[in-house]
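Working notes for the structure below.
What follows is the structure in structure tokens.
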């Protein structure tokens, strides 16, 4: 028996859900970023799988650009995180509530 | 000729709009002069039209604008000048012009001078629309317009407070012996308007029935097709139209507003409650004569009601000391005469009496205005007396008018009133004749009672406070044409009949000459008898009713206007007020307001509960996002297969 | 056969690594697991015949992004003290579980678009890298350039955000002011 597209998609979903669970549960901002990375990677797997099984290069291009974007997002995100840490001296998510209400 | 029509119709409107510009300013004399001039213009145009219609017998019919054109409904703004409407136009404009000029003198110290003329000219415009319209809808517009303007004019001094009811017959606002005409001007205005409105419902129903069955409200169409309807339906239409006329012309049971309307300025009473608005009901019956001739039973009812009102009003005037109320009751009584004539099918007789009555009644009211102006607004005739020395011209004019009212040859009242009595006799309605005959005597008596008390005898006013003087010469000049008409209007009876019977049915009564002259003699006798009794008793005793008479029940009943106002208050006003309070407190506040407030509170509450979602906490926001994704995915699974 | 085994092996490993990332309290463990997970995902890409993508994944993600995170983590000390308290861990768990279930159900259903035609079909004759190069520099040129600009912007943004004294622009000061301008260390010396 060979591996079908469904298997890859199910895998992608599972990893995405793991990432989402992490995003919801973690209070450490850095851990939040990790969870975001997990989600992005899950999507990439899905894209590549579809590309292979439909014989279309579009999926790979999309995954390519997602990687580029994720990289820049990490750069900026960490920069902001550093600034926040300098101001508040902790990176707990619950302290990030100045926009309440 | 059409331009004359438009001038006659719209000149009062222009005057009213002009005066409205100055409504909130202090008195400006030119406002009164300009409006009177414009009315004189309208008068000249109306007289031109009268000459034209009389000599050429051409009816002028214009359609000014389309008003309502929807589906089968086609109601235009159309105007017709035929013999009937031109008579009404001339009467209305003559009396209005003289009243305007008189008001310049009467209202000269009033601070709302400009607003008064705005309302007065607007009233004349509405009345012109009423008489000149060529369909029932236009008539109704004018009808409502005069109702509105009379509300504004009766309640002109709206800032006066309400008077409380009291058991004392000298002070109660419901008694004709008190110095108050009613509870307050605004109360009287509301009463007039509401009573008219209730009666107008009847007229509207009549109009709806006409439109439903005939399909048009134009006079031509209605009158030509009225014969094709079922008899019971025509009776219903006639009855409902007459209910509307009852309200406007203050027939029982809608009569209390007329006496109470004396709260307004006296020239207003001269115009509205003598010559124009109250005659609108008679005009309606005359105009719709083709409907009423088909159903003579309704006509008999109208005539009987008219006679009932005539004698009822005359009896109430016997004991009243409120000068304007006496004249108001006399108007009511004469309206009853007009309805007797119209009910018995003698429509041109009713129109003739309408015209002559307008002249002498309005000049009576104007003279009363002069007296009030001279005695510092005193209204109790027992507190005047001997004014003939200081006010000779007014005294002369009022005496002439009273003689005309009593119906003495050769003044105008003789021709019209005797004609009505002759009609009643000739139609074999002997009871009606008897009632009207007695009323003629009473009329003569109370008119001269008024004249005696006011102008002759002892001077009962406070000499320190009151300095009676004759009014301005231009006011007397304004009253003079009306007085002259009161004398000589009756001499044109022949020309009048010749003109008007082109559209109205001619008189069908045959009374042989012997009976004819006997009737005249008998009527003149009772009228003269009333006058002589009034004059002689006054000269002998100085008063008419002894103290013993004053304590009798019949005196009290008459002085309290047969307790009709009390009845209306107990039967209608109080229960309705209770209903209104109940509706407000229980229905409006508790139910409707609660629902509306409840909706608002619900939304606020939902909003406040929703702010919990905006905690600013990223973790919580992500959780909400997750929940949203969950919902979307559920929707996809549930509905995604429905292709 | 080989494919199936590899797929399941890597799948198991990836899932395990990522579970460690989201469950552990120690950030260092999380970082390490994340890096490992990235490598295994790259293995997937190789399995799928997207060699170029797999190489890029290793170089960019595992190499650059993880390094960035590692440096970032060195920045924040005493992050062990953060209490991870969630008001309702069960709710979160349930919610994600249900969503996972439903999405899997969606994907198990017959895939729509069986008639889809490929816009940029894969040419087996060339290698994957060549193929991607062909498409990238012809059809996807504009997004490529824009992505380059975006990376530039991100780089500059990162420098400004994290750098010291980034509010003063030295190129706009005159010579005199630059000389007068003190550095942080000199200010610190002055204070002492």
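Protein chains in written order, with my numbering: chain A, 1 to 101; chain B, 1001 to 1643; chain C, 2001 to 2192.
The beta carbon of each residue, even a glycine, is placed where N, CA and C say it ideally should be.
Just so you know, these numbers come straight off a predicted model, no measurement behind them.
Between residue 1523/B and residue 1407/B the beta-carbon gap is near 7 angstroms, inside 8 angstroms, which marks them as a contact. In the three-state DSSP reduction, residue 1065/B falls in the strand class (E or B). One Cα belongs to residue 1009/B, the other to residue 1601/B, and the distance between them is close to 56 angstroms. Under DSSP, residue 1380/B shares a beta bridge with 1322/B. Residue environment for residue 1377/B: exposed (fewer than 16 other C-beta atoms within 10 angstroms of its C-beta). Excluding residues up to 5 positions away in sequence, 1129 lie with their Cβ nearer than 7 angstroms to the Cβ of residue 1141/B in the same chain. The Cβ atoms of residue 1417/B and residue 1353/B lie closer than 9 angstroms to each other. Look at residue 97/A here: in three-state DSSP terms it is coil, with no helix or strand label.
The C-beta of residue 2120/C has 16 or more other C-beta atoms within 10 Å across all chains shown, which makes the residue buried. In terms of CA proximity to residue 1363/B, 1275/B leads the group 1297/B, 1275/B, 1381/B, 1326/B. The contact set of residue 1634/B on chain C, defined by CB atoms closer than 8 angstroms, consists of 2102 in chain order. Under the DSSP assignment, residue 33/A falls in the alpha helix (DSSP H) whose first and last residues are 29 to 54.
Proximity of the region 87 to 98 of chain A to the region 1006 to 1021 of chain B falls short of the contact definition, fewer than three beta-carbon pairs being nearer than 8 angstroms.
One alpha carbon belongs to residue 1155/B, the other to residue 1326/B, and they sit about 20 angstroms apart. Nearest Cα to residue 1561/B within the set 1626/B, 1319/B, 1391/B: 1319/B. Pairing residue 2042/C with residue 2035/C, the inter-Cα distance amounts to about 11 angstroms. By the rule that beta-carbons nearer than 9 angstroms mark a contact, residue 2125/C does not touch chain A. Excluding its 5 nearest sequence neighbours in each direction, residue 15/A has C-beta neighbours in its own chain below 6 angstroms: 42, listed in chain order. The C-alpha of residue 1505/B is placed about 8 angstroms away from the C-alpha of residue 1348/B.
Under the 10 Å beta carbon count, residue 2142/C is surrounded by fewer than 16 other beta carbons and is classified as exposed. Taking C-beta atoms under 8 angstroms as the contact rule, residue 1083/B and residue 1502/B qualify, at a distance of about 5 angstroms.
Using a CB distance cut-off of 9 angstroms, residue 1605/B does not count as an interface residue toward chain A.
Residue ranges of uninterrupted alpha helix (DSSP H) with 4 or more members, entirely inside the region 1342 to 1374 of chain B and ordered along the chain, are 1347 to 1374. Between residue 1429/B and residue 1390/B, the alpha-carbon positions lie close to 47 angstroms from each other.
Secondary structure note for residue 1173/B: it is in no beta strand (DSSP E), with a DSSP letter that is neither H nor E. Take the alpha-carbon of residue 1552/B and the one of residue 1196/B: they are about 34 angstroms apart.
By the criterion of a C-beta distance shorter than 8 angstroms, residue 1559/B is surrounded in its chain by 1169, 1175, 1176, 1177, 1319, 1320, once the five residues flanking it on both sides are discounted. Leaving aside the five residues that flank residue 2061/C on each side, the residues in its chain whose CB is nearer than 6 angstroms to its CB run, in chain order, 2038. Around the CB of residue 1267/B, 16 or more other CB atoms lie within 10 Å, so the residue is classed as buried. For the pair residue 1042/B and residue 1086/B, the Cα-to-Cα distance works out to about 12 angstroms.
When 1358/B, 1381/B, 1574/B are compared, the shortest CA-CA separation from residue 1483/B is found for 1358/B. When Cβ-Cβ separations below 9 angstroms define contact, residue 2098/C makes contact with chain B.
Taking 9 angstroms as the cut-off, the Cβ atoms of residue 1298/B and residue 1371/B do not count as close. For residue 2062/C, the closest Cβ of chain B is not nearer than 9 angstroms. With a cutoff of 9 angstroms on beta-carbon distance, residue 27/A and residue 2122/C are scored as not near each other. Taking a beta-carbon distance threshold of 9 angstroms, residue 2136/C counts as an interface residue toward chain A.
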